[in-house]
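Trainee: Under our numbering, think of the first position of the sequence shown as 13, with each following residue one higher.
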Amino acid sequence: MNTLIIDTSSNKEIKIGLKINRGKYVSRKKIGLLKAQVALPMIEKLLMQNSLTPRDMDEIQVSTGPGSFTGLRVGISIANALGFFLKIPINKQRVGKLAQPRYK
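This is how it looks when you write it as structure tokens:
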């Protein structure tokens, strides 16, 4: 199972990781305020270094906090868009799937 890992919660760095079967590969970059401009190229580069494409991903794990509100929004938005486009779960949930109401 191939998992893309996105962590944009820090104000000082962005972390993008891949978990390929049992191995783990992580890319970190110290940044300022450019998370939105840096994250997608980092994902693309890490995938290419491991001879993968976005379609090879089976799921996405994204940090949901605690952390910088704007930083978290960047990571969650990227994960949401990729999950929707690739039709893969994010944090073990399908994009657009509604939770079943619990009535008694």
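All residues carry an ideal CB built from backbone N, CA and C; glycine is no exception.
With respect to the beta strand (DSSP E) encompassing residue 15, which residues constitute its N-terminal and C-terminal limits?
Mentor: Segment 14-19, the beta strand (DSSP E) holding residue 15.
Trainee: Under three-state DSSP, which class holds residue 75?
Mentor: In this structure, residue 75 counts as coil in the three-state DSSP scheme.
Trainee: Do you know how far the Cα of residue 104 is from the Cα of residue 14?
Mentor: Cα-Cα distance, rounded: 13 Å.
Trainee: Write down every uninterrupted run of the beta strand (DSSP E) in the region 15-70 whose length is 3 residues or greater and which is fully enclosed by it, in chain order.
Mentor: 25-32, 35-42, all fully within the region 15-70.
Trainee: Leaving out five residues before and five after residue 68 in sequence, what residues of the same chain have Cβ atoms less than 6 Å from its Cβ?
Mentor: Only 14 meet the Cβ criterion.
Trainee: Thinking residue 71 and residue 28 are a contact (beta carbons under 8 Å), I'd like their distance in whole angstroms, please.
Mentor: 15 Å between Cβ atoms; not a contact.
Trainee: On a CA-only basis, which of 16, 17, 23 is nearest residue 83? Give me that one, please.
Mentor: Comparing Cα-Cα distances from residue 83 to each of 16, 17, 23, the minimum goes to 23.
Trainee: By the 10 Å Cβ neighbour count, where 16 or more other Cβ atoms means buried, how is residue 74 classified, buried or exposed?
Mentor: The residue in question, residue 74, is buried, as its Cβ has 16 or more Cβ neighbours within 10 Å.
Trainee: Please state whether DSSP places residue 102 in a helix, a strand or coil.
Mentor: Strand at residue 102.
Trainee: Can you list, in chain order, the residues of its chain whose CB lies under 8 Å from that of residue 54, leaving out five sequence neighbours each side?
Mentor: Correct list, in chain order: 26, 28, 39, 41.
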